[in-house]
Amino acid sequence: MNKRVAICPGSFDCITLGHLDIISRAAAMFDEIIVVAMNNQQKKYTFSEEERVDMIKKSTADIKNVSVDLYDGLLAEYAAKKGACAIIKGLRAMSDFEYEFQMALTNKKLNPRVETVFLTTSAQNMYLSSSMVKQIASMGGDISDFVPPVILSDILKKLSPKHN
Ligand code: PNS
Numbered sequence: 027m028n029k030r031v032a033i034c035p036g037s038f039d040c041i042t043l044g045h046l047d048i049i050s051r052a053a054a055m056f057d058e059i060i061v062v063a064m065n066n067q068q069k070k071y072t073f074s075e076e077e078r079v080d081m082i083k084k085s086t087a088d089i090k091n092v093s094v095d096l097y098d099g100l101l102a103e104y105a106a107k108k109g110a111c112a113i114i115k116g117l118r119a120m121s122d123f124e125y126e127f128q129m130a131l132t133n134k135k136l137n138p139r140v141e142t143v144f145l146t147t148s149a150q151n152m153y154l155s156s157s158m159v160k161q162i163a164s165m166g167g168d169i170s171d172f173v174p175p176v177i178l179s180d181i182l183k184k185l186s187p188k189h190n
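Our numbering applies: residue 27 is where the sequence shown begins, and numbers increase by one.
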């Protein structure tokens with residue numbers, strides 16, 4: 027039987043425990059997960075593409091069926107290239123919904139073979155976002171409850187005024 031491949035796309039600027047929770051749960055549902063760092067034209071990134079990919083690789087190293095990639099193009103096109111049957115997105119609050127719904131319908135139009143699957147965020151990650159993590163780190167705050175321990179120093183090195 028063909029392997030069921032799913033894509034977890036995102037900016038991952040930087041990956042958080044919220045992302046990691048969605049990736050691990052998706053990994054339990056599909057044969058193979060490709061986590062892909064992409065570009066959202068509405069965002070200015072803090073971390074370079076290489077840094078974002080490196081942090082995802084370190085954070086997911088323990089999950090056997092997860093691989094990591096970088097793609098600067100359309101998600102629907104990437105999913106077709108990889109023969110994926112699903113795009114996995116995490117939904118935090120209703121505020122995520124309208125934008126995600128619009129993207130899911132657009133991706134379906136561009137690639138009718140791929141379904142978008144929404145996973146509800148775990149309760150402890152409801153409020154968590156990469157931008158909040160970056161804001162706290164850049165003001166010298168403690169982000170250890172929000173990001174995978176293996177990338178903590180990468181983030182602090184880049185953003186924390188206390189790090190030398
Ligand atoms: O983590 P983000 O910023 O919410 O992720 C958004 C992302 C990168 C998944 C989205 O912007 C995207 O899919 N970008 C790739 C370009 C694309 O396919 N755009 C059309 C989407 S409808």
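Don't be surprised by glycine CBs; every beta carbon is placed ideally from N, CA and C.
As the structure is a computational prediction, the values presented were derived from the model and not from experiment.
Integer-rounded CB distance, given that residue j should sit under 8 angstroms from residue i
i	j	result
Phe73	Asp39	5 angstroms
Ser148	Asp47	5 angstroms
Ala63	Ala32	Between Ala32 and Ala63 the Cβ distance is about 16 angstroms, and since that is not below 8 angstroms, they are no contact.
Ala119	Met152	7 angstroms
Ser186	Ser164	7 angstroms
Ile5	Cys34	Given a span of 27 to 190 for the chain in the structure shown, any question on residue 5 remains unanswerable.
Ile41	Met81	5 angstroms
C-beta neighbour in chain B for residue i, strict 8 angstroms
i	result
Asp168	Included in the structure is just one protein chain, with no chain B present.
Beta-ladder partner(s) of residue i, from DSSP
i	result
Ala112	Ala32 and Glu141
Ile41	According to DSSP, which records beta bridges pairwise, Ile41 is partnered with nothing at all.
Asp95	Val62
Leu46	Its beta-bridge partners do not exist; DSSP assigns none.
Thr146	Leu117
Proximity winner among the options, relative to residue i (alpha-carbon distances)
i	options	result
Gln161	Val143, Lys184, Thr142 and Asn151	Lys184
Lys70	Ser37, Phe56 and Lys90	Ser37
Ile60	Val140, Arg139 and Lys108	Lys108
Val79	Leu96, Ala54, Gln68 and Val173	Leu96
Val176	Leu43, Arg30, Met27 and Pro35	Leu43
Asn65	Glu76, Lys134 and Ile49	Glu76
Leu117	Arg139, Ser155 and Asn91	Ser155
Just checking, does the segment 99-118 make contact with the segment 79-90 on the three C-beta pairs under 8 angstroms criterion? By the C-beta criterion, the segment 99-118 is judged not to be in contact with the segment 79-90, since fewer than 3 inter-stretch pairs fall below 8 angstroms.
Collect the residues with a C-beta less than 5 angstroms away from any heavy atom of the ligand PNS and give them in sequence order along the chain. Output, sorted by chain position: Pro35, Gly36, Ser37, Met64, Asn66, Leu100, Leu101, Met129 and Thr132.
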